[in-house]
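Participant: Chains X and Y are the protein sequences, given in the same order. The first sequence begins at 1 in our numbering and counts up one residue at a time. The second sequence begins at 108 in our numbering and counts up one residue at a time. Dropping a structure here in structure tokens format, bear with me for questions.
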Amino acid sequence: MKFISRSEEFALLAVLYLQEEAYGVAIRNRLRKMTGQSWAFGAVFVTLNRLEKKKMLESKLADPTPRRGGKSKRIYRLTAEGLEELARIRRIQQAAWKSVAVSNPQR
Amino acid sequence: MKMSGKMSFRRPPRLTEWLIKRLYPDGGAYSTLGDLAEEFQAQAEEKGPFRARLWYRLQLLQSFPYLLRDVLFWRMSMFRNYLKVALRLMRKHEVYTFINITGLAVSMACSLLIVFWVRDETSFDKFNKNLKEIYRVTCLGKNLHGFSSPAPFAPAVAAEIPEVIEAARVARNPRLVFRQGERAFYEDNGITTDAALFRMFSFPLIKGDTGTALAGPLGIVISETLARKYFGHQDPMGKTLDVEGRYALTVGGVMADIPRNSHFRFDYAVSVKFAEGADFWGMKWGDFNFMTYIMTSGPRDETVLAGKLNQLAIDHKCPQIVYKQLEFFVQGLERIYLNPLGPYDIPLGNKRDVHLFSLVALFISLIAGINFINLATARAEKRAKEVGLRKVIGADRRQLIGQFFGESSLMTLLALVLAKIAMPYFNALTGKSLAFRVFDPGILMSLASIAVFVGVLAGAFPSLYLSSFQPAQVLKGSAPFVSLLKGKRAGWIKRGALRRVLVVGQFAVSIALIVATFVVAQQMTFIRQKSWSHERDKILYIPFKENLGPRYDLVRSELLKNPAIVAVAAKDSLPDKINNNTNGVAWEGKTSDQNDLYMETIRVDVHYFETMGMPIVAGRGFSEDFPGDLGTAFVLNETAVRKTGLKDPVGKWFSLYGRKGVVVGVVKDTYFQTFRQAVRAQAYYPYENMTTDVSGIDVAFIQVGGDPAGKAFKEALAHIEKVWKSVNTMTPFEFHFLDQALDAQYQNETRQGRLFGIFAFLAVFISCLGLFGLASFTAEQKTKEIGIRKTLGASIPDIVILLSGDFSKAVLAANLISWPLAWHAMNGWLRGFAYRTSISPWIFLGAGLAALAISWLTVALQTLKSARTNPVDALHFE
Numbered sequence: 001m002k003f004i005s006r007s008e009e010f011a012l013l014a015v016l017y018l019q020e021e022a023y024g025v026a027i028r029n030r031l032r033k034m035t036g037q038s039w040a041f042g043a044v045f046v047t048l049n050r051l052e053k054k055k056m057l058e059s060k061l062a063d064p065t066p067r068r069g070g071k072s073k074r075i076y077r078l079t080a081e082g083l084e085e086l087a088r089i090r091r092i093q094q095a096a097w098k099s100v101a102v103s104n105p106q107r
Numbered sequence: 108m109k110m111s112g113k114m115s116f117r118r119p120p121r122l123t124e125w126l127i128k129r130l131y132p133d134g135g136a137y138s139t140l141g142d143l144a145e146e147f148q149a150q151a152e153e154k155g156p157f158r159a160r161l162w163y164r165l166q167l168l169q170s171f172p173y174l175l176r177d178v179l180f181w182r183m184s185m186f187r188n189y190l191k192v193a194l195r196l197m198r199k200h201e202v203y204t205f206i207n208i209t210g211l212a213v214s215m216a217c218s219l220l221i222v223f224w225v226r227d228e229t230s231f232d233k234f235n236k237n238l239k240e241i242y243r244v245t246c247l248g249k250n251l252h253g254f255s256s257p258a259p260f261a262p263a264v265a266a267e268i269p270e271v272i273e274a275a276r277v278a279r280n281p282r283l284v285f286r287q288g289e290r291a292f293y294e295d296n297g298i299t300t301d302a303a304l305f306r307m308f309s310f311p312l313i314k315g316d317t318g319t320a321l322a323g324p325l326g327i328v329i330s331e332t333l334a335r336k337y338f339g340h341q342d343p344m345g346k347t348l349d350v351e352g353r354y355a356l357t358v359g360g361v362m363a364d365i366p367r368n369s370h371f372r373f374d375y376a377v378s379v380k381f382a383e384g385a386d387f388w389g390m391k392w393g394d395f396n397f398m399t400y401i402m403t404s405g406p407r408d409e410t411v412l413a414g415k416l417n418q419l420a421i422d423h424k425c426p427q428i429v430y431k432q433l434e435f436f437v438q439g440l441e442r443i444y445l446n447p448l449g450p451y452d453i454p455l456g457n458k459r460d461v462h463l464f465s466l467v468a469l470f471i472s473l474i475a476g477i478n479f480i481n482l483a484t485a486r487a488e489k490r491a492k493e494v495g496l497r498k499v500i501g502a503d504r505r506q507l508i509g510q511f512f513g514e515s516s517l518m519t520l521l522a523l524v525l526a527k528i529a530m531p532y533f534n535a536l537t538g539k540s541l542a543f544r545v546f547d548p549g550i551l552m553s554l555a556s557i558a559v560f561v562g563v564l565a566g567a568f569p570s571l572y573l574s575s576f577q578p579a580q581v582l583k584g585s586a587p588f589v590s591l592l593k594g595k596r597a598g599w600i601k602r603g604a605l606r607r608v609l610v611v612g613q614f615a616v617s618i619a620l621i622v623a624t625f626v627v628a629q630q631m632t633f634i635r636q637k638s639w640s641h642e643r644d645k646i647l648y649i650p651f652k653e654n655l656g657p658r659y660d661l662v663r664s665e666l667l668k669n670p671a672i673v674a675v676a677a678k679d680s681l682p683d684k685i686n687n688n689t690n691g692v693a694w695e696g697k698t699s700d701q702n703d704l705y706m707e708t709i710r711v712d713v714h715y716f717e718t719m720g721m722p723i724v725a726g727r728g729f730s731e732d733f734p735g736d737l738g739t740a741f742v743l744n745e746t747a748v749r750k751t752g753l754k755d756p757v758g759k760w761f762s763l764y765g766r767k768g769v770v771v772g773v774v775k776d777t778y779f780q781t782f783r784q785a786v787r788a789q790a791y792y793p794y795e796n797m798t799t800d801v802s803g804i805d806v807a808f809i810q811v812g813g814d815p816a817g818k819a820f821k822e823a824l825a826h827i828e829k830v831w832k833s834v835n836t837m838t839p840f841e842f843h844f845l846d847q848a849l850d851a852q853y854q855n856e857t858r859q860g861r862l863f864g865i866f867a868f869l870a871v872f873i874s875c876l877g878l879f880g881l882a883s884f885t886a887e888q889k890t891k892e893i894g895i896r897k898t899l900g901a902s903i904p905d906i907v908i909l910l911s912g913d914f915s916k917a918v919l920a921a922n923l924i925s926w927p928l929a930w931h932a933m934n935g936w937l938r939g940f941a942y943r944t945s946i947s948p949w950i951f952l953g954a955g956l957a958a959l960a961i962s963w964l965t966v967a968l969q970t971l972k973s974a975r976t977n978p979v980d981a982l983h984f985e
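Rendered as structure tokens:
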């Protein structure tokens, strides 16, 4: 069984969070907030593209705005597969974490 | 698209934007650029335009690795697809694949080996640090194209010509017996030279010092190998070597073995002062016995340098130069190996061979390249569908070209493997010891150039051609692909003319190579047959170096006690050598314009001619029955009689160095030296007194009767060894078969012949592979035509003739092209021999017929198969 990568997982979560506002800039900002570190543009672009090729994301073009130099936004949305994959990963992760004791400074 | 907002739009850096657009080739870029632009606005407002621009550019850099990875990922998966398609195609068309791969790989392996060989040949002497500053002095005269100069020449040059900073003399030593304790061997390969030699050439000394090693007359420098041979693991420095039982030489230096690719090599070097003492050679201005090498400060103009040398020789009253019999020239070290001066020169390289084999490599690559083109275009129609589909899916032309190039690179790799496997056999064949070093920059370069050459020839043409198809037309299938080409070119290719021209070219090359093989073989047979004696494989010779003169009669009578030994004789020099070449001869009726006639004078014992099986054509040979012969009789060879103009020579007077005698007989011309030179005028005269003539005997010939493989022969050999050991305490016993020694002179030619044979075979083989492939495609294309013809009543022979007629015509046309070319080339090759066979017309006819027959055989299988198919099978699709 193949798993999506961590960055792909974060990207999916960001898209899920942003709902209708999930386009490049917003996703990147969300990812920065989520992970606490800056993401390169290319990193975001490639990850989103790959997820789209894997059919976990779908996208459509929205209206152009002058602020964007007259270029359209690409709004991303999770597909059913994407949702399922997130659920699956979460399930597996929780099960995996439960079975071991790792010292956690926050606890 | 509205651009008028309340906020002014700041344009992101154009170049960066453009770059990003290039790197994101698909639709995503559009919105990504938008995203970037939005972020750019925010940044610009917050931190100012400068920082924003910086940020924007940084984005590109940061994204780069990701983009690259992405691009590579997709490239790789495309490549996997190409590979898959290539492998599928290979499996689907096994025959085609086999032909293409074998043909191309074999030819490339061939070319590769030849490249290795050519590189080795051209690498000679390049290891010398002073390559550009070293010259060899040569001389040219009416009777001599030589490389020798007088002994006092080099020191005078070094002292008097300012730009010459070093000069060294080199002379080949005669064969000498070396002894150290119990170990005694003949040493053939020694030189007499000056210490300067080691300062000029890069022959490093491992032990000792170049300045002192050859300072005294009794110093010697030996190679590592020789040091091990005589001294084992002991340190040879300062130890003595006994030479000929007369001199004790002190080892003053050990040098590294001379590299294999040095034009002259030697195992030991002794000082010129030693030669003066030992009186090997004349040391005066008139005696041309040494080679002279000079080293200048920086490269010089050769003509200017030669002019100064000649002036210097005139100043020193060197007679040959003063009387304009000879003139000095110089030859740069780089050019020496591949430009030997006559058959007696040391370097054995041959520029013509290098050119010839480079040409052969080119030819063979050409043949295989033609196969590739022919088969690829023949298959183009089928391949066109794949190309069309790829184009529809969105492949651009570059990718397609890449795909086809990829296929040819795959074969290059295969060829490399093949060459690696063939290397040891090639080495055995050429007598070289080439290493398979691919990672040498020069080899890599030539490898790349072969790959590109074959790739361009074999890959690019079909790929450019195939990738130019218009997908719609090809996929519709309505338009035969040739009609896609426009204008004249289309008509030409449509008729298959291009393919036919290429086949003709291929066979022309093959036929030429077959002819060359035949001619070389014919010449070699001719030489063997012309080699005088039918007993040659029964004659042994023993080098007779020691002072055995007084014991010669004893040795001879002891040897003859064995019943198998038929005759024994002696001569003053090794069979293929001549000790003396002089114009100090006179004869009855000699005219003044015959003064420059040089004769080889050879001292023999009275049994010589009968032992060697040399027929006497007039008069008689020397004999014990005529004791008066000693000191007065001469026997001339046929050439001598012709050159002197003597009519009825028997009984006429003849003199050597003023000693008058009588010509008693004429012996048939014999061929001891290489056939590249005509037999020269020779005068034989007998030893006056075998017991006192101590230094004159160099070799004993022994004729053994019976089968050389038989038991009696073996016993005779054992007997010879026993006799030798009983009378001899010093020199090692060794014997040689005369025929082997003589054949060794033609090693190069024999090799050349064998190589030609192999290349010709490969050329024919590859051409036939191509022909076979073409034939099968033609047959396939004509399936329907054949079906219809058969329904209309054509017989099987009719069909076969229809199918093979085209190829026969091509082969016949190839004959017409290649005959004159081959004739011209081979005549040029034969001109290098003094005795040459004439090229018989049968060779051409034979080569042509062979090519025709082979091509028929190749096509026959295919054509028969299609001719015999049931027309229903061919036509039931309609």
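From the three backbone atoms N, C-alpha and C, an ideal C-beta is built for every residue, glycine too.
(1) May I have a chain-ordered list of the alpha helix (DSSP H) segments no shorter than 4 residues that lie completely inside the stretch 241-272 of chain Y?
(2) Around the Cβ of Asn-934/Y, are there at least 16 other Cβ atoms within 10 angstroms (buried) or fewer (exposed)?
(3) From the DSSP output, which residues share a beta bridge with Leu-763/Y?
(4) Figure out for me which residue from Phe-464/Y, Arg-282/Y, Leu-321/Y and Asn-237/Y has the closest Cα to the Cα of Arg-407/Y.
(5) Should Tyr-23/X go down as buried or exposed, given a rule of 16 or more other Cβ atoms within 10 Å for buried?
(6) Below 8 Å CB to CB, which residues in the same chain sit around Leu-952/Y once its five sequence neighbours on both sides are set aside?
(7) For Asp-142/Y, count neighbouring Cβ atoms within 10 angstroms of its own Cβ and tell me buried if that reaches 16, exposed if not.
(8) Do the stretch 3-15 of chain X and the stretch 58-72 of chain X meet, that is, are 3 or more Cβ pairs less than 8 Å apart?
(9) Per the contact definition of three or more C-beta pairs closer than 8 Å, is the stretch 822-842 of chain Y in contact with the stretch 736-752 of chain Y?
(10) Just to confirm, does Gln-630/Y get its C-beta within under 7 Å of one of the non-hydrogen atoms of the ligand NAP?
(11) For a cutoff of 8 Å on Cβ pairs, would you count Pro-120/Y as touching chain X?
(12) Starting from the C-beta of Ala-917/Y, find all residues in its chain whose C-beta is less than 6 Å away, skip the five residues before and the five after it, and write them out in chain order.
(13) Taking Val-711/Y as the reference, which of Gln-629/Y, Pro-670/Y and Asp-805/Y has the closest Cα?
(14) Check whether the stretch 464-472 of chain Y and the stretch 274-286 of chain Y are in contact - that is, three or more C-beta pairs closer than 8 Å.
(15) Which class does Gly-584/Y belong to by DSSP, given the choice of helix, strand or coil?
(16) Within the 8 Å Cβ cut-off, does Phe-10/X reach chain Y?
(17) Exposed or buried, Trp-97/X, counting other C-beta atoms within 10 Å across all chains shown (16 or more means buried)?
(18) Taking just the CA atoms, how far does Asn-669/Y sit from Ile-827/Y?
(19) Specify whether the stretch 224-233 of chain Y and the stretch 365-375 of chain Y touch according to this definition: at least 3 beta carbon pairs, one from each stretch, less than 8 Å apart.
(20) For Gly-594/Y, collect the residues of the same chain with a Cβ closer than 8 Å to its Cβ; drop the 5 residues on either side in sequence, then sort them by chain order.
(21) Which first and last residues belong to the beta strand (DSSP E) in which Glu-68/Y is found?
(22) Can the beta-carbon of Phe-725/Y be found less than 8 Å from the beta-carbon of Val-757/Y?
(23) For Leu-167/Y, which residues of its own chain have a beta-carbon under 7 Å away from its beta-carbon, when the five flanking residues on both sides are left out?
(24) Could you give the C-beta distance for Lys-645/Y and Gln-432/Y, rounded to a whole number, given that I count them as a contact under 8 Å?
(25) For chain X, find out if any of its Cβ atoms is closer than 8 Å to the Cβ of Thr-123/Y; answer yes or no.
(26) Against chain Y, with Cβ distances strictly below 8 Å, would Lys-73/X count as a contact?
(27) In the DSSP assignment, find the unbroken alpha helix (DSSP H) run with Glu-45/X in it and report its ends.
(28) What's the call for Pro-587/Y, buried or exposed, on a 16-neighbour Cβ count within 10 Å?
(29) Out of Thr-319/Y, Leu-881/Y and Leu-161/Y, which one is the CA nearest neighbour of Arg-306/Y?
(30) Quick one, which of Asp-394/Y, Thr-403/Y and Val-411/Y has its alpha-carbon nearest Pro-426/Y's?
(31) Give the DSSP-derived three-state secondary structure of Phe-305/Y in the structure shown.
(32) Which chain X residues are close to Glu-145/Y, counting only those with a beta carbon under 7 Å from its beta carbon?
(33) Taking just the CA atoms, how far does Phe-779/Y sit from Tyr-242/Y?
(34) Report yes or no: do three or more beta-carbon pairs, one from the stretch 406-424 of chain Y and one from the stretch 358-367 of chain Y, lie closer than 8 Å?
(35) Which residues does DSSP pair with Met-631/Y in a beta bridge?
(36) In three-state DSSP terms, what is Ile-127/Y?
Facilitator: Quick answer:
(1) Scanning the stretch 241-272 of chain Y for uninterrupted alpha helix (DSSP H) segments of 4 residues or longer gives 260-267, listed from N- to C-terminal end.
(2) For the purposes of this step, residue 934/Y is taken as residue 827 along the second sequence, with counting starting at 1. Exposed, because fewer than 16 other Cβ atoms sit within 10 Å of the Cβ of Asn-934/Y.
(3) For the purposes of this step, residue 763/Y is taken as residue 656 along the second sequence, with counting starting at 1. Paired residue(s): Val-692/Y and Arg-766/Y.
(4) Taking the second sequence and counting its residues from 1, one reaches residue 407/Y at position 300. Selected option, being the one with the closest Cα: Asn-237/Y.
(5) For the purposes of this step, residue 23/X is identified with residue 23 of the first sequence, where counting begins at 1. Buried, by the Cβ-count rule.
(6) Counted from its first residue, the second sequence places residue 952/Y at position 845. Cβ within range, chain order: n/a, list empty.
(7) Taking the second sequence and counting its residues from 1, one reaches residue 142/Y at position 35. When all chains shown are included, Asp-142/Y counts as buried.
(8) The stretch 3-15 of chain X makes no contact with the stretch 58-72 of chain X: fewer than 3 CB pairs, one atom from each, lie closer than 8 Å.
(9) Proximity of the stretch 736-752 of chain Y to the stretch 822-842 of chain Y falls short of the contact definition, fewer than three beta-carbon pairs being nearer than 8 Å.
(10) Of the ligands one can find in the structure shown there are none, so the ligand NAP has no counterpart to examine.
(11) Taking the first residue of the second sequence as position 1, residue 120/Y is located at position 13. It does not; no Cβ of chain X falls within 8 Å.
(12) If you number the second sequence from 1, residue 917/Y lands on position 810. Its chain contains Arg-607, Val-610 and Val-611 as the residues whose beta carbon lies nearer than 6 Å to that of Ala-917/Y, once the 5 sequence neighbours on both sides are disregarded; these appear in chain order.
(13) Along the second sequence, one-based indexing puts residue 711/Y at 604. Out of Gln-629/Y, Pro-670/Y and Asp-805/Y, Asp-805/Y has the C-alpha closest to the C-alpha of Val-711/Y.
(14) Because the criterion of three Cβ pairs below 8 Å is not met, the stretch 464-472 of chain Y and the stretch 274-286 of chain Y do not touch.
(15) Looking up residue 584/Y in the second sequence gives position 477. The pLDDT assigned to Gly-584/Y is 47, lower than 50, so where the model puts this residue is not dependable; a value taken from the coordinates is nonetheless given after this. When secondary structure is reduced to three states using DSSP, Gly-584/Y falls in the coil class, being assigned neither helix nor strand.
(16) Translated into positions along the first sequence, residue 10/X becomes position 10. Contact with chain Y is absent for Phe-10/X, since none of that chain's Cβ atoms lies less than 8 Å from the residue's Cβ.
(17) To locate residue 97/X, count along the first sequence from 1; it is residue 97. Burial check for Trp-97/X: the Cβ neighbour count within 10 Å stays below 16, so the residue is exposed.
(18) Translated into the one-based positions of the second sequence, residue 827/Y becomes position 720. Translated into the one-based positions of the second sequence, residue 669/Y becomes position 562. Approximately 9 Å, taken between the alpha carbons.
(19) With the rule of 3 Cβ pairs closer than 8 Å, the stretch 224-233 of chain Y counts as touching the stretch 365-375 of chain Y.
(20) Here residue 594/Y refers to the residue found at position 487 when the second sequence is read from its first residue. Because the pLDDT of Gly-594/Y is 41, which lies under 50, any placement of that residue in the model is unreliable, and the number read from its coordinates should be weighed accordingly. Contacts found: none.
(21) Nothing in the structure corresponds to residue 68/Y, since chain Y is present only between 108 and 985.
(22) As a position in the second sequence, residue 725/Y is number 618, starting the count at 1. As a position in the second sequence, residue 757/Y is number 650, starting the count at 1. A small correction: the amino acid at residue 725/Y is Ala; Phe does not occupy that position in the sequence shown. Result yes, Cβ atoms of Ala-725/Y and Val-757/Y sit closer than 8 Å.
(23) Within the second sequence, numbered from 1, the residue matching residue 167/Y stands at position 60. Excluding sequence neighbours, Leu-167/Y sits near Thr-123, Leu-126 and Ile-127.
(24) Here residue 645/Y refers to the residue found at position 538 of the second sequence. Here residue 432/Y refers to the residue found at position 325 of the second sequence. With 8 Å as the limit, Lys-645/Y and Gln-432/Y do not qualify as a contact, their Cβ atoms being about 43 Å apart.
(25) By 1-based counting over the second sequence, the position of residue 123/Y is 16. Closer than 8 Å: no.
(26) The residue you call residue 73/X lines up with position 73 of the first sequence. At least one chain Y Cβ lies under 8 Å of Lys-73/X.
(27) Residue 45/X sits at position 45 when you count from the first residue of the first sequence. The sequence as given places Phe at residue 45/X; Glu does not occur at that position. In the DSSP assignment, Phe-45/X falls within the alpha helix (DSSP H) that extends over 41-53.
(28) On the second sequence, position 480 is the one that residue 587/Y refers to. Since pLDDT at Pro-587/Y reaches only 43, below the 50 mark, its modelled position is unreliable, and no value is offered.
(29) Numbered from 1 along the second sequence, position 199 holds the residue referred to as residue 306/Y. Considering only alpha carbons, the answer is Thr-319/Y.
(30) Here residue 426/Y refers to the residue found at position 319 when the second sequence is read from its first residue. Closest in C-alpha terms to Pro-426/Y, from the list Asp-394/Y, Thr-403/Y and Val-411/Y, comes Asp-394/Y.
(31) Position 198 of the second sequence, counting from 1, holds the residue named residue 305/Y. Of the three classes helix, strand and coil, the one that applies to Phe-305/Y here is helix, per DSSP.
(32) To locate residue 145/Y, count along the second sequence from 1; it is residue 38. By Cβ distance, chain X contributes Val-25, Arg-67 and Arg-68.
(33) Within the second sequence, residue 242/Y is the residue found at index 135, counting from 1. Within the second sequence, residue 779/Y is the residue found at index 672, counting from 1. Spanning the two alpha carbons is a distance of roughly 32 Å.
(34) Contact check between the stretch 406-424 of chain Y and the stretch 358-367 of chain Y: fewer than three CB pairs, one atom from each, fall below 8 Å, which does not count as touching.
(35) Against the second sequence, residue 631/Y aligns to sequence position 524. Looking at the DSSP assignment, Met-631/Y forms no beta bridge with any residue, so it has no partner.
(36) If you number the second sequence from 1, residue 127/Y lands on position 20. It is helical.
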